[in-house]
Structure formats: C-alpha cells, structure tokens
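Counted from 1, the sequence shown has number 105 at position 105 by full-length UniProt numbering; the numbering is strictly sequential.
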Amino acid sequence: MTGASPQNGSPRPRAANRPRAAKAAGKPRARHTGLSTAAILGFSAALITLVLDQASKLYTLFVYDLPVKEPAEIGPFINLIVVWNRGISYGLFQQNSELGRWALVAISILASICLGIWIRRTTAKLLATSLGLIVGGAIGNAIDRMAYGAVFDFIQFHVGSWSWYVFNVADAAIVAGVAGLLYDSFVLEGRRAKS
C-alpha cells in the first residue's frame, strides 16, 4: 500500500504536497541579496566624491584656465590659486622623485582597496559613508599623481593675512571622512555595542 503509514495504515502526505513554508518555519533561509544599504551609501559617496573632485579640477585647469588667471578671489575668505602638491594632505611627505610619486599612487590604491572591503562588510551607514569619502578622495588624488605627477590643489582659505593650506575637493572629502570615522568610533560604536 503506497503512501500509507506502516503503524496505522492511514495515508501519509507526500513530501511534494507539504507546504514549503511549513518546512522553513522557524529556520530563516540564508540568502545573499547583494550590497547592504550601508555599502551602497559608501560606494555612492566614493563615486560622487571622485566625480566632483575630477570635474572641479578639469574645469578649473582647462576651462577656467586658473594658471593664467590666478589668484582669483571668490569671496572674502576664499581665493583660487594653483599649487602642485607632491606630498599628501597639508603638504606632508613631499616626494620629488618618480619612485616617491608612484609609491604614493600605490599606497593610495592599496588603501582604497582595503577601505572598499571594509565598506562592503560594514552595516553601519555613517561608517560606510565616511570610508567612501576617503576612498573617493584618495582615488581622485591618485589620478592627479598619475596624470600630472602631483596633486592639483586650488582652493585657498584665508582670514586676512593668515592662510590655511591650499586644498581640493578630494582633500575636503578625506577630512570629512576622517571626522565621520572618529565620530563613529567614539560615539556610535558605543551605542551599537549597548543595543
């Protein structure tokens, strides 16, 4: 007698007739759905930063022609001037050799890859966005080093005779990203640990 239980002879429901939901009840199925919301925010921040950085540099150099028009006063505290930075942020670690130039390019690319993996793995939105800002800025400045041999900085913030360092969109994004990382580490990480 097919489909009958040997104990009482009553028909046993076939596996095909059992509802699938009943089989999966109590056990959520692990399913890979792609990027998390945090990762999408992080990679979007990197892409937007990179596009804004490169667009502003290309426009300022080749359309506005800043090397001919400098200094250009934008407001009471901001001028546009041309500075070719062969180091990293704030002009640190100036590199005047080809080896130094390509070493900085390699470090930027390696750091961007590592931070990209971190973005992919985190679920914290501010953390991912902050990392994305740093990645976009690092890649933007690495492109400058590859194309021109130095990073094109052109925004000068000043108050009277006091002048802050000359920077670009990539630098501003990196500073904002580091600030976001610090806030996430010292404030939000503690809140996540308690919840």
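We put the CB at the ideal spot given by N, CA and C, even for glycine.
Using a Cβ-Cβ cutoff of less than 6 Å, which residues in the same chain neighbour residue i once the five nearest sequence positions on both sides are dropped?
i: ASP144; result: VAL151 and PHE152
i: ALA46; result: GLY132, VAL135 and GLY136
i: LYS23; result: Residue placement at LYS23 is flagged as unreliable, the pLDDT there being 48, under the threshold of 50; the coordinate-derived value follows with that caveat. Here the set comprises nothing.
For residue i and residue j, I'd like the C-alpha separation in whole angstroms.
i: GLY75; j: ALA193; result: 45 Å
i: GLU98; j: ALA147; result: 13 Å
i: ARG86; j: ALA138; result: 14 Å
i: ILE78; j: LEU52; result: 19 Å
i: GLY42; j: GLY149; result: 28 Å
i: ILE119; j: ALA111; result: 12 Å
i: SER44; j: ILE113; result: 15 Å
i: ALA179; j: ASP171; result: 12 Å
i: LEU181; j: VAL166; result: 23 Å
i: ALA21; j: LEU35; result: Below a pLDDT of 50, predicted positions are generally treated as unreliable, and ALA21, at 48, falls in that range; no measurement from the model is reported.
i: VAL68; j: THR122; result: 46 Å
i: SER195; j: ARG101; result: 46 Å
i: ALA55; j: TYR64; result: 12 Å
i: LYS57; j: TRP84; result: 12 Å
i: ARG191; j: ALA173; result: 25 Å
i: ALA103; j: SER161; result: 35 Å
Going along the chain, which residues of its own chain have a beta-carbon closer than 8 Å to the beta-carbon of residue i, five neighbours each way excluded?
i: ALA176; result: SER130 and LEU133
i: SER108; result: ALA138, ILE139, ASN141, ALA142 and ARG145
i: SER163; result: GLN156 and PHE157
i: VAL159; result: PHE77
i: LEU126; result: GLY180, TYR183, ASP184 and LEU188
Tell whether a beta-carbon distance below 8 Å holds between residue i and residue j.
i: ILE155; j: LEU80; result: yes
i: GLY136; j: THR37; result: no
i: GLU73; j: VAL82; result: no
For residue i, which option in the options has the closest C-alpha, if you only look at C-alpha atoms?
i: TYR59; options: ASN168, TRP164 and ALA45; result: ASN168
i: GLY116; options: VAL68, ALA124, ALA128 and TYR64; result: ALA128
i: ALA124; options: ALA106, VAL187 and ALA55; result: VAL187
Starting from residue i, follow its DSSP beta bridges and name the residues at the other end.
i: VAL166; result: GLN156
i: ASN141; result: DSSP output for ASN141 lists no bridge partner at all.
i: GLU189; result: According to DSSP, which records beta bridges pairwise, GLU189 is partnered with nothing at all.
i: LEU80; result: ALA72 and ILE155
Among residues of its own chain, excluding the 5 on either side of residue i, which ones have a beta-carbon nearer than 7 Å to its beta-carbon?
i: ALA39; result: ILE119, ARG120 and ALA128
i: VAL105; result: ALA142, ARG145 and MET146
Does the distance between the C-beta of residue i and the nearest non-hydrogen atom of the ligand PLP fall short of 7 Å?
i: SER161; result: Among the components of this structure there are no ligands whatsoever, and the ligand PLP is therefore not found.
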